[in-house]
Amino acid sequence: MKFRTRLLIAFGVVVMVPLLVFGLGIRTAMSRRVAAEYEERINLLVGVIRADLVREEDRISARLRAVKDRMVADNRLRSAVLRGDDRAYILDYAGDAMRLAGLDFLQIQNGDRRVVSSGHFRNEFDRFGAFATPGGVTLIRAATAEGPFLVIARPDTVHVAGQVFDLVGGIAADSAYLARLASDPDFGVALHVPSDSTSAASSDSAAQVVVPLPYVNAVDEPNRIQLAQIVVSHNSGLLAALLQNINLWFGVAILVAALAALLLASWLSTRISAPVEARIAIGDLARQVNHDVKNGLAPLRNVFRHLIQVARDTPAELPQVFAERQGTVESSITYLETLAANYAKLSPQSERKATDVNAVVRETIGASGAVRTKLAEGLPPVSADALVLRRVIENLVSNALDSLDGKAGTVTVTTEGGKGVVRIAVRDTGRGMSKAELDRAFNDFYTTKAGGTGLGLSIVRRLVLDSNGSLDVETEPGKGSMFVVEIPVQ
Amino acid sequence: MYRSFMPAQHLTLLTVLAFVAACAHPRGTATGAGGAGGAGGGGGAAPQAADESCLLSTGTVSGRAPTITIGLTDAVDPRHAPIARNDAERIVFGQLYETPVRIDCDGHVRPELAAQWEKSDGGRRWTFHLRDGAQFWDGAPVSAQDVVFGKGGVGYTLGAPDSRTVALTFTKDKDDVPPFMGDPNLAVTKPAPDSSWPIGTGAYWATSATTTAQEVRAHTTHGDTLVFKLATSGDARDLIDAGVDLLVTRDRALRDYAATLQNRAVVALPWDRTYVFVTAEGSGARFDEAGLEQAVRADARRADGSTWWGDLRACGTAAGPPSTPAATTQRRILYARADPTARELAGRLAALTHAVAAGRAPDDFAAALTTGKEWGYVVALPRVPADPCRAGNDFLPVWPASITALVDTRPTAIVRRGVARWSVDLDGTVHLAP
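The listed protein sequences correspond, in order, to chains V and P. Following the working numbering, the numbering of the first sequence begins with 222 at its first residue and continues without gaps. Following the working numbering, the numbering of the second sequence begins with 27 at its first residue and continues without gaps.
Printed below as a string of structure tokens:
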């Protein structure tokens, strides 16, 4: 793993871990806050429902009082009660009174709690009536011909013609009533009774508060008082949607932050690693120079020691031996000169100015028949040192020719305009490179040629980068390579 | 103020007396004539007093007005003619269409399309002679073939020996003119090419041109008019206030309102309908102390025990397969939604049995009764059907059912005094009397 990669990972960890911890903390805090707010609103709604029940009780009481007053003042009713000769009038009485009083449920019961007249179900007469607990409202499951329904009712008493009648009146606790209690769509109100339930809320609830109510099933168990519940809950689906939203935006924030962190880490690692890598490269270079110079000096030292030995032992043979070893000396010197020239190329001094790429290409290729050119007309001048550009092209063309290995093939140099750049491509039909070779092609001192220094492509890359350009390679073993240099226009 | 008609047990007594009277006549050649026939006498005496006894007591009438108005509280559909499906259609169709004979409120046979009849072969063969000049509204003469075409029933056959004679042949001896000869199913009609009203033979005629959403006008060739006004406002009291001459209702509130008016006579009509509870449960049901007559707002009494449906085996109706009740724990009692009395009775039975009542449109109710999948049904039956076999076929299921009589009900006629004379048939239909 490269130093830059390790540095990048370290930066990523340092930036991402605090960011994740911070984001998760915010998310948890928001969830708790939202849940707490919902609970607070549920408690408020429960308070409203309790107050509403008290108001309904007052309203029902007032309406029952109106019914009582009417019953007491009704002479025909009094006569029917006394003489029992107008049963139909009594049977219809509760229905008329119930509708006029605005009630949904009304029973007039005798002392045995049998129904004398029923408003919501006329033909319920002589049946056991509903029982409502005094001093509050009672939830009653009342009968009709078509089936039972729930009412919130309270009792009262009236004296007519010396007889005591119990009145039980109320309003329907239907879905409309529950919907009115839970006007906020985030909340649901449901009635849970021992044998049935009428609900306006989703069962998918996250939190709920219960309001108990006395309950009488007047259809099946008119004498038994049980407990029903008004259950107030908030819809967990809404909270889940909110959390999902938070998660989504949290994820987006993490992604954006991670991207920014990666860019920052990349920039920082580049800034930090560049000098280090440079020092490493210099060290490598120094070692290589040391090794190369030693390689060049060793034959010279050997020749020189041989000559000293000959001069000391057999001076007469010295000219002959010198002549024999002269080639070795000259070869070593040539090697060292070449080495020096190559090392000198590692630190070119460039001067950027408007440069005509086609002119440089023509000048570099000259009249060489081995290289084909395909140059686009009307290219804008680039910002580069003409000498640097020439060295780049020279190196690439030289490598391309070398890759032909003396076999038949072509080397083509093309130029073309791009978006803000001029593109120079050097294509050959030579041996190409494997992936491993390509990975190391731009390393200093890596070469596949006999006698090569391994600095050509490394120098090319540095020269191109110094010119603010870019260098790409496409290659395939056995089919050739294409080096593409892009230099920004002036 | 209310005139009560004879209870059924009295009617039976009258029938027996008439039968005894008939026995005084020579058998085999008894002859009846217009205004003289009796249900209890094959051609026996049918005194004019009996006809008078079926007149509604509505005061002295010096002369009939050329235009008579009748109020209707139900819709009238000409496509149902001549078989009425509600009280309104019964009144309208009764004025427009004729049966061979008419059975008055006392059970006496009165001539209508048939002016005379006689029996022979010991009562196995009855011959009816059409009245002279009988014709359809379009002027075509009425033939005996028009009377018998497509008609017939269990235990008898109808034939037309000649164009003026209808022959009725029984498998057993009959001493009396059978009541089914006055059944609306034997009313004589023929299709009208340009009217939704079938062409009848009565004195009054109506066509699509004389029918609107508000009223039906029926005319005679002499210029008399019957106007049937519909209660389009939804409040039948408006019809009374508008001055209709006759209105038949089962609404107690309407009856009570009319009783407060000076120039109106309120007359209770015969008990004409019996409500029964039909169930597939073998033990049936008893509701002796149920207060059923109080449960309904119509004029009702506890059913008097007339159970013509008790033995319909003679009708040869094939019993259907046993019913298969729906697999549900909640017992349901079905009723026809348009019938308030049936609804009230179903509600009362539901209160007594912890079942639930459920209303159905008339056609749906009939279909549900056929299947027998519900626990019980409240069914309205004619109290004294002209043809029990036909009534059983029309109103009762074929599956083995337990039938419990609940209540009898009757309508009330609200009549403007001094305008016209009205008579009542055995089935409760009110007619304009001559």
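Yeah, the Cβ is synthetic: ideal placement off N, Cα and C, and Gly gets one too.
If you draw a straight line from the Cα of Asp100/P to the Cα of Lys255/P, it comes to about 10 Å. If only uninterrupted beta strand (DSSP E) runs of at least 3 residues are considered, those enclosed by the region 142-172 of chain P are 151-156. Look at Ala321/P: its C-beta is under 7 Å from a C-beta on chain V. As for any beta strand (DSSP E) of minimum length 3 sitting wholly inside the region 179-231 of chain P, the runs are 182-188 and 191-196, ordered along the chain.
CA-CA distance, Thr95/P to Thr84/P, rounds to 15 Å. Taking 9 Å as the Cβ-Cβ cut-off, the region 346-360 of chain V approaches chain P at Phe346, Asp347 and Arg348, given in chain order. It is roughly 24 Å from the alpha-carbon of Thr438/P to the alpha-carbon of Gly373/P. In the displayed model, Asp330/P falls within coil according to three-state DSSP, outside both helix and strand.
Across the region 365-378 of chain P, CB contacts with chain V closer than 7 Å involve Glu370, Ala372, Gly373, Arg374, Ala376 and Ala377, in sequence order along the chain. In terms of CA proximity to Pro443/V, Phe352/V leads the group Gly651/V, Arg320/V, Phe352/V and Thr650/V. Counting every other CB atom within 10 Å of its CB across the protein chains shown gives Trp152/P a total of 16 or more, marking it as buried. The contact set of Gly368/V on chain P, defined by CB atoms closer than 7 Å, consists of Val382 in chain order. Two segments are said to touch when three or more pairs of C-beta atoms, one from each, lie closer than 8 Å; by this definition the region 156-175 of chain P touches the region 212-231 of chain P. Sequence-ordered contacts of the region 296-326 of chain V with chain P read Arg308, Ala309 and Leu312 [C-beta pairs closer than 7 Å]. For Ala393/V, there are no neighbours in chain P by C-beta distance under 7 Å, as the nearest C-beta there is about 17 Å away.
Annotation for Thr93/P: Thr251 and Val253 place their beta carbon closer than 7 Å to its own, counting only its chain and skipping 5 residues before and after. Looking at the DSSP output, Pro137/P sits in a beta bridge with Val127/P.
With contacts defined as CB atoms closer than 7 Å, Ala291/P and Val441/P qualify as a contacting pair. Residue burial annotation: His457/P is buried, with at least 16 other C-beta atoms found within 10 angstroms of its C-beta. For Arg308/V, the uninterrupted alpha helix (DSSP H) segment begins and ends at Arg308 to Ala322. Between Ile359/P and Gly402/P, the beta carbon gap of about 5 Å places them in contact (Cβ cut-off 8 Å).
For the region 363-390 of chain V, the set of positions with a beta-carbon nearer than 9 Å to some beta-carbon of chain P reads Ala364, Thr365, Ala366, Glu367, Gly368 and Pro369 in chain order.
A straight line joining the alpha-carbon of Leu240/V with that of Thr696/V spans about 43 Å. About 6 Å separates the beta carbon of Arg157/P from that of Leu139/P, a gap short enough to meet the 8 Å contact definition.
Gly517/V counts as buried, since no fewer than 16 other beta carbons sit within 10 angstroms of its beta carbon.
Between the alpha carbons of Pro426/P and Asp420/P lies a gap of roughly 16 Å. When DSSP states are grouped into helix, strand and coil, Lys700/V belongs to the coil group. A contact between stretches requires three or more CB pairs, one per stretch, nearer than 8 Å, and the region 538-547 of chain V fails this requirement with the region 499-510 of chain V. Per DSSP, the unbroken beta strand (DSSP E) holding Leu98/P starts and ends at Thr93 to Leu98. Taking Pro709/V as the centre and dropping the five residues before and after it, the same chain places the C-beta of Val603, Ser604, Gly641, Val642, Asn689 and Gly690 closer than 7 Å to its C-beta, in chain order. Runs of beta strand (DSSP E) with 3 or more residues, each lying fully within the region 387-420 of chain P, are found at 402-408, listed in chain order. Taking each of Ala439/V, Gly590/V and Ala544/V in turn and checking the Cα distance to Gly350/V, the smallest one comes out for Ala439/V. Each residue's CA atom was taken as its position, placing Leu245/V and Gln429/V some 27 Å apart. In this structure, Ala478/V lies away from Leu229/V, with their beta-carbon atoms at least 7 Å apart. Taken residue by residue, none of the region 251-276 of chain P has a beta-carbon sitting less than 9 Å from a beta-carbon on chain V.
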